[in-house]
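Chains as they are written, first to last, in UniProt numbering: chain A, 1 to 200; chain B, 1 to 200. Every residue, glycine too, gets a C-beta built ideally from N, C-alpha and C. These figures come from a predicted structure and were not determined experimentally.
Protein chains: 2
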Amino acid sequence: MTTGSRLLGELIDALRCLPGVGAKSAQRMAFHLLEREREGGLRLASALESAMRDVGNCTRCRNFSETPVCSLCASPSRDKQVLCVVESASDLAAIEQATGFRGHYFVLLGRLSPLDGLGPDELGLPLLAERLGEGEIEEMIIATNPTVEGEATAHYVGQLARAAGIRATRLAHGVPLGGELEFVDRGTLAHAFGSRQSLS
Amino acid sequence: MTTGSRLLGELIDALRCLPGVGAKSAQRMAFHLLEREREGGLRLASALESAMRDVGNCTRCRNFSETPVCSLCASPSRDKQVLCVVESASDLAAIEQATGFRGHYFVLLGRLSPLDGLGPDELGLPLLAERLGEGEIEEMIIATNPTVEGEATAHYVGQLARAAGIRATRLAHGVPLGGELEFVDRGTLAHAFGSRQSLS
Ligand SMILES: [Zn+2]
Ligand SMILES: [Zn+2]
Numbered sequence: 001m002t003t004g005s006r007l008l009g010e011l012i013d014a015l016r017c018l019p020g021v022g023a024k025s026a027q028r029m030a031f032h033l034l035e036r037e038r039e040g041g042l043r044l045a046s047a048l049e050s051a052m053r054d055v056g057n058c059t060r061c062r063n064f065s066e067t068p069v070c071s072l073c074a075s076p077s078r079d080k081q082v083l084c085v086v087e088s089a090s091d092l093a094a095i096e097q098a099t100g101f102r103g104h105y106f107v108l109l110g111r112l113s114p115l116d117g118l119g120p121d122e123l124g125l126p127l128l129a130e131r132l133g134e135g136e137i138e139e140m141i142i143a144t145n146p147t148v149e150g151e152a153t154a155h156y157v158g159q160l161a162r163a164a165g166i167r168a169t170r171l172a173h174g175v176p177l178g179g180e181l182e183f184v185d186r187g188t189l190a191h192a193f194g195s196r197q198s199l200s
Numbered sequence: 001m002t003t004g005s006r007l008l009g010e011l012i013d014a015l016r017c018l019p020g021v022g023a024k025s026a027q028r029m030a031f032h033l034l035e036r037e038r039e040g041g042l043r044l045a046s047a048l049e050s051a052m053r054d055v056g057n058c059t060r061c062r063n064f065s066e067t068p069v070c071s072l073c074a075s076p077s078r079d080k081q082v083l084c085v086v087e088s089a090s091d092l093a094a095i096e097q098a099t100g101f102r103g104h105y106f107v108l109l110g111r112l113s114p115l116d117g118l119g120p121d122e123l124g125l126p127l128l129a130e131r132l133g134e135g136e137i138e139e140m141i142i143a144t145n146p147t148v149e150g151e152a153t154a155h156y157v158g159q160l161a162r163a164a165g166i167r168a169t170r171l172a173h174g175v176p177l178g179g180e181l182e183f184v185d186r187g188t189l190a191h192a193f194g195s196r197q198s199l200s
């Protein structure tokens with residue numbers, strides 16, 4: 001589009017990498033920032049650069065972290081006896097926001113999907129098995145998504161728990177089948193979390 | 001919110017400076033960028049920084065520009081005899097996208113609003129008067145918004161044109177194309193009725 005400014009055009013293009021942002025809203029955002037919010041735009045630039053460059057994964061739970069061990073793993077006030085296994089860091093954030101869970105997490109960064117080359121190693125399952133072998137964990141809550149691949153992953157992860165003699169539980173039904181955890185409303189997610197059931 | 005990463009939390013906060021982006025979508029955007037779009041995120045960081053720092057205003061038309069004269073003013077292929085006066089650079093972009101206009105622009109960067117300290121000087125009207133005095137312009141299209149302040153601004157700007165002996169025109173008001181009469185506001189309908197035109 002013609003705006004008279006190359007940098008403005010480039011900003012409008014670049015904003016389209018944000019999910020849900022089309023041509024029209026990218027344009028609205030760029031003008032808003034230039035006209036009324038340059039400070040905020042600069043703060044966003046610097047937050048983006050730091051996060052894109054420096055956020056890696058926690059060596060203990062694979063959650064997003066800019067330090068070797070994330071602040072959830074490092075917290076002395078969380079319950080070391082319960083480990084919640086999730087597919088993604090956004091699922092972790094959704095559980096933190098919706099429930100009163102105060103235990104630890106393990107983030108798979110995906111779900112078993114042989115066709116996409118995602119097997120046990122890619123999901124960090126050797127690291128998870130090692131963790132289960134440390135002897136502190138008494139319950140593993142499996143909070144993978146209720147999709148076919150999520151269920152297969154839950155089954156596989158449940159076997160690791162059984163091998164380690166650890167009770168495995170699964171989120172209760174109530175999470176809509178075929179849905180993604182991060183888009184489930186808080187009430188439903190909190191209920192499902194509270195009614196988790198033993199894997200038989 | 002708890003994510004385990006300070007930088008991720010700061011990114012989520014910073015994204016909220018974008019118009020129409022609340023807590024939930026900021027979170028979704030941040031996770032999307034970290035999980036799937038780090039390249040795009042870095043490109044956005046750099047586009048934002050360049051635009052926020054380097055985009056100023058064209059010395060000739062006050063449109064956004066990182067060069068002293070914007071590319072629209074510098075273009076040799078645009079018609080120097082028609083000047084379209086708009087309130088903002090986003091109005092300029094809307095006209096560029098919607099119409100086949102190939103003349104020049106002048107951007108007021110606001111509208112007359114004495115209570116907000118916006119008078120003729122703040123709107124660059126001395127610069128506009130100087131421009132009108134150059135003798136190249138034959139028609140000035142006044143495309144301020146149809147609000148009370150926009151109309152007052154149009155009236156004032158029209159007087160500058162008259163003083164310079166230049167024909168001034170105003171965007172037509174009326175029923176929007178594709179609109180239903182029963183849903184058009186009374187003021188617009190009354191105006192459209194009063195300004196009815198002969199069928200040719
Ligand atoms: Zn961690
Ligand atoms: Zn210009």
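Legend entry - At least 3 beta-carbon pairs within less than 8 Å: the stretch 15 to 34 of chain A vs the stretch 32 to 45 of chain B: yes
Legend entry - Nearest candidate by alpha-carbon position, reference G187 (chain A), set A:F64, A:A168, A:A143 and A:A98: A:A98
Inset, instruction - Keeping to the same chain, check which residues put their C-beta closer than 8 Å to that of R62 (chain A); ignore five residues upstream and five downstream. - result: F106, V107, L108, L109, G124 and L127
Inset, instruction - Indicate, with yes or no, if ligand 2 has a heavy atom lying under 6 Å from the CB of N57 (chain B). - result: no
Legend entry - Own chain residues within Cβ distance below 8 Å of L112 (chain B), not counting five before or after: Excluding sequence neighbours, L112 (chain B) sits near L118, G119, P120, L123, E149, A152, T153 and Y156.
Legend entry - Residues within the stretch 44 to 60 of chain A neighbouring chain B, beta-carbon criterion of under 8 Å: L44, A45, S46, A47, L48, E49, S50, A51, M52, R53, D54, V55 and C58
Inset, instruction - Just the C-alpha distance for A30 (chain A) and C58 (chain A), rounded to the nearest angstrom, thanks. - result: 34 Å
Inset, instruction - Using beta-carbon positions only, say whether A89 (chain B) and F64 (chain B) come within less than 7 Å of one another. - result: Going by C-beta atoms, A89 (chain B) is nearer than 7 Å to F64 (chain B).
Inset, instruction - Say whether chain A places a C-beta atom closer than 7 Å to the C-beta of T153 (chain B). - result: no
Legend entry - Residue ranges of each beta strand (DSSP E) within the UniProt domain "Toprim" (81 to 176) of chain A, 3 or longer: If we require 3 residues or more, the beta strand (DSSP E) runs fully inside the UniProt domain "Toprim" (81 to 176) of chain A come out as 103 to 107, 139 to 143 and 167 to 170.
Legend entry - For D91 (chain A) and T2 (chain B), the rounded distance between their alpha carbons: 12 Å
Legend entry - chain A contact residues for L11 (chain B), given Cβ-Cβ distances below 9 Å: L44, A47, L48, S50, A51, M52 and V55
Legend entry - Where the alpha helix (DSSP H) containing T188 (chain B) begins and where it ends: Bounds of the alpha helix (DSSP H) holding T188 (chain B) are R186 to G194.
Legend entry - Anticipated Cβ contact below 8 Å, E66 (chain A) with L7 (chain B), distance rounded: 5 Å
Legend entry - G9 (chain B) (DSSP reduced to helix, strand or coil): helix
Legend entry - F193 (chain A), buried or exposed, once every other Cβ within 10 Å from all chains shown has been counted against 16: buried
Legend entry - Chain-order list of residues whose beta-carbon lies under 7 Å from that of Q197 (chain A) (same chain, five-residue window excluded): T169, R170 and A172
Inset, instruction - Assign G40 (chain B) to one of three DSSP states: helix, strand, or coil. - result: Correct three-state label for G40 (chain B): helix.
Legend entry - Interface partners of R6 (chain B) on chain A, CB under 8 Å: E66 and S71
Inset, instruction - Measure from the C-beta of F31 (chain A) to each C-beta in chain B and report whether the shortest distance is under 7 Å. - result: yes
Inset, instruction - Give the straight-line distance between the Cα atoms of R131 (chain A) and E49 (chain A), rounded to the nearest whole angstrom. - result: 33 Å
Legend entry - Pick from B:G41, B:M52, B:V55 and B:A51 that is closest to R53 (chain A), judged by C-alpha positions: B:G41
Inset, instruction - Taking all protein chains shown into account, decide if Q159 (chain A) is buried (16 or more other Cβ within 10 angstroms of its Cβ) or exposed. - result: exposed
Inset, instruction - Compute the Euclidean distance between the alpha carbons of R43 (chain B) and A14 (chain A), then round it to the nearest angstrom. - result: 6 Å
Inset, instruction - Consider the C-beta atom of C84 (chain A) and the heavy atoms of ligand 1; say whether any pair is separated by less than 6 Å. - result: For C84 (chain A), the CB stays at least 6 Å from every heavy atom of ligand 1.
Inset, instruction - With a threshold of 6 Å, establish whether the CB of R60 (chain A) neighbours any heavy atom of ligand 1. - result: yes
Inset, instruction - Within the same chain, show all residues whose beta-carbon is closer than 8 Å to that of G179 (chain A), passing over the 5 residues directly before and after it, in chain order. - result: N145 and P146
Legend entry - First through last residue of the alpha helix (DSSP H) which encompasses S71 (chain B): S71 to A74
Inset, instruction - Identify which residue in B:D79, B:L189 and B:H32 has its Cα closest to the Cα of P176 (chain B). - result: B:L189
Legend entry - C-beta atoms of A51 (chain A) and L11 (chain B) nearer than 7 Å: The Cβ atoms of A51 (chain A) and L11 (chain B) lie closer than 7 Å to each other.
Legend entry - chain A contact residues for R38 (chain B), given Cβ-Cβ distances below 7 Å: M52
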